[in-house]
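Using the working numbering, read the sequence shown as starting at 116 and increasing by one per residue. Glycine included, each C-beta is placed from N, C-alpha and C at the ideal position. A short worksheet on the structure shown next.
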Amino acid sequence: MISVEMIGRLGNHMWQYAVCRTLAERNGYEFHVPRSFLGAEIFDCSLGVEVDQTKMQYTDSYMHNSFMAQFYNPNIIHLQDFTKLVGFFQSERYILENKKNIQEWFELKNPNLELIDKLNLTDEVCIINFRGGDYKDIPDVYLSSDYWNNSVEQMKKLHDNLKFIVITDDVDAAEKLFPDFPAYHFSVAEDFLVISYAKYLIIANSTFSWWGAWLNKFCKTVIAPKFWMRHNESNGWWAPGESITKGFLYMSKDGKLYSSSDCIDEVNALGLSYSKFPY
116 MISVEMIGRL
126 GNHMWQYAVC
136 RTLAERNGYE
146 FHVPRSFLGA
156 EIFDCSLGVE
166 VDQTKMQYTD
176 SYMHNSFMAQ
186 FYNPNIIHLQ
196 DFTKLVGFFQ
206 SERYILENKK
216 NIQEWFELKN
226 PNLELIDKLN
236 LTDEVCIINF
246 RGGDYKDIPD
256 VYLSSDYWNN
266 SVEQMKKLHD
276 NLKFIVITDD
286 VDAAEKLFPD
296 FPAYHFSVAE
306 DFLVISYAKY
316 LIIANSTFSW
326 WGAWLNKFCK
336 TVIAPKFWMR
346 HNESNGWWAP
356 GESITKGFLY
366 MSKDGKLYSS
376 SDCIDEVNAL
386 GLSYSKFPY
């Protein structure tokens, strides 16, 4: 049996769940996800076998939660049974081949599809997922108005006649930043639903944003911040270290748009200390 420790908020929990269950099923093991998994409230997914973690004995524990050490570890792929995973594991390489199953795991309970109709999410609507709240107190992470404005302008160049709607955890901040666009916060599940149904997306450097975009089966274009959590200050390195997602477009600080392939080529050309991207 493979178990995992829940760390952080919903988006981080989703990474931990997806990697734990993917690796367990790939290796033919049972899995256990703690009942503290925040996604259990909104997703129709199994938590695996129910056990008392305090009585479990593990053969190994992969410590993987250093902020700048969140890179792909091939040793984890063929892990031993009765391993507990501890960390964030935010590399698409762990889960990409299992995407269809993960999309099923993270299907919402009783999705409010009437909301999608009410917002009229047609091919002419782009959803902006703005993260305010606690991010406003972290200047290295909080995205500037330049990122959002540049992303809107680039999205308009790619697709004519778009309308923009903001989905956010911080309506007051969003209304100041996007005075021309309507801004909404529904429930966590409903916000996630809207993101996952959008045809076009501009997202924040947040795991909640990332999951909504990655699980989305309808989206044609996703624009995300280049260097992810270090968009504001990076000279070439990404944080976490493997935050480049296939198919996403990435907005730089100077307003230029890069494909995921361009970003991967840049990283590999720099010869940074972390492992090279395989895509």
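- Spatial neighbours of residue 279 in its own chain (CB-CB distance under 7 Å, excluding positions within 5 residues in sequence) are listed in chain order as 241, 243, 267, 296.
- Proximity to residue 246 across 302, 281, 311 peaks at 281, based on C-alpha coordinates.
- Between residue 305 and residue 228, the alpha-carbon positions lie close to 9 Å from each other.
- For residue 373, the enclosing beta strand (DSSP E) stretches over residues 372-374.
- Straight across, the Cα-Cα distance linking residue 157 with residue 311 is about 14 Å.
- Taking the CA atoms as reference points, residue 164 sits about 39 Å from residue 376.
- Residue 236 sits in coil when the DSSP states are folded into three classes, being neither helix nor strand.
- In the three-state DSSP reduction, residue 366 falls in the strand class (E or B).
- Under the DSSP assignment, residue 153 falls outside any alpha helix (DSSP H); it carries neither an H nor an E label.
- CA-to-CA, the gap between residue 363 and residue 319 works out to about 13 Å.
- Under the three-state reduction of DSSP, residue 128 is assigned to helix.
- Contact annotation: residue 262 and residue 366 have beta-carbon atoms nearer than 8 Å.
- Here the alpha carbon of residue 145 sits roughly 28 Å from the alpha carbon of residue 360.
- For residue 315 against residue 277, the beta-carbon gap comes to about 7 Å, under 8 Å, which counts as contact.
- Residue 294 has its alpha-carbon roughly 44 Å from the corresponding atom of residue 188.
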